[in-house]
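For what it's worth, this note's numbering labels the leading residue of the sequence shown as 1, then goes sequentially.
The C-beta atom is built at its ideal place from N, Cα and C for all residues, glycine as well.
None of these values were measured; they are calculated from a predicted model.
To start, the structure under review is shown below, and the notes come after it.
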Amino acid sequence: MNTIKAIDGQLFKKLIEASLNWLRTNQQIVNSLNVFPVPDGDTGTNMLLTMQAAYNEIQNSEDNRISTIAHDIAQGALMGARGNSGVILSQIWRGFSRGLEKVDEMTVKDFAIALDVAKTTAYKGVVRPVEGTILTVAKDVSAAAKNISTTTDDIEEFLSLILETADLSVKNTPNLLPILKQAGVVDSGGKGYYFIL
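Take a look at the structure:
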């Protein structure tokens with residue numbers, strides 16, 4: 001089995017399509033967890049609409065540079081952001097794109113840098129960041145990515161390890177945000193981000 005050492009724009013487009021489809025499959029799960037900041041049951045829908053807008057921007061692109069595809073995703077997510085979760089997700093994509101400026105193919109090290117800039121941009125995009133939300137999951141994933149990128153150059157291995165971190169981070173959200181513990185749920189935005197990853 002060949003290991004994947006780098007992701008170009010077209011492979012990234014396929015990954016984004018897969019993320020969109022998996023989020024769509026799990027949209028109702030994410031909606032059912034939605035109690036913070038308002039229990040309106042639409043986090044999954046809002047994240048899905050934001051991801052759909054992002055994907056629409058790249059759907060017909062033939063560009064091979066990941067920097068171009070990431071930039072277009074960020075642009076689509078920004079223009080199509082819905083609700084709090086969609087706005088934060090669009091900030092994550094904005095940062096991710098910034099982290100990949102002038103990169104043609106994304107290695108594990110590039111990926112870790114992009115996730116770090118994504119986390120920082122998302123935190124800056126929120127007036128009063130709250131721990132136990134998608135922001136915490138982005139922070140934990142970023143920290144793990146930095147460490148993992150020093151131990152492997154295999155993209156698949158890297159992704160599966162940051163996914164484990166995202167899962168643990170989501171499961172820990174009720175310990176950081178009392179309203180989640182009271183409702184007996186994990187954070188919906190964090191869970192949505194997990195499905196995207």
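- Rounded to whole angstroms, the separation of the alpha carbons of Asn-2 and Phe-111 is 19 Å.
- By the Cβ neighbour-count rule, Gln-91 is buried, with 16 or more other Cβ atoms within 10 Å of its own.
- Setting aside the 5 residues that flank it on each side, Glu-131 is surrounded in the same chain by Leu-176, each with a C-beta closer than 6 Å to its C-beta; the list follows chain order.
- Shown here for Ala-183: same chain residues with a beta carbon closer than 6 Å to its own, the five before and five after excluded, namely Val-35 in chain order.
- For the pair of segments examined, the region 149-160 was found to touch the region 106-125: the number of CB pairs separated by less than 8 Å reaches three.
- In this structure, the alpha-carbon of Ala-114 lies about 16 Å from that of Leu-163.
- Shortest Cα-Cα distance from Gly-99 to any of Ala-70, Ala-77, Ser-149 involves Ala-70.
- Along the region 53-133, the alpha helix (DSSP H) occurs as fully enclosed runs of 4 or more residues at 66-80, 83-99, 108-124, listed in sequence order.
- In this structure, the straight-line span from the alpha carbon of Asp-104 to that of Ile-29 is close to 35 Å.
- For Ile-7, there is no enclosing alpha helix (DSSP H), as DSSP marks it with neither H nor E.
- At least 8 Å separates the beta-carbon of Gly-86 from that of Asn-56.
- Each residue's CA atom was taken as its position, placing Asp-8 and Gln-52 some 20 Å apart.
- Per DSSP, the continuous alpha helix (DSSP H) segment holding Ser-32 begins and ends at 27-32.
- Burial check for Asn-21: the Cβ neighbour count within 10 Å stays below 16, so the residue is exposed.
- Taken through DSSP and simplified to helix, strand or coil, Thr-50 comes out as helix.
- Ser-19 carries a helical assignment under DSSP once its states are collapsed to helix, strand and coil.
- Gly-190 is not a Cβ neighbour of Gly-44, given a cutoff of 8 Å.
- Note that the C-beta distance between Thr-121 and Gly-80 is not below 8 Å.
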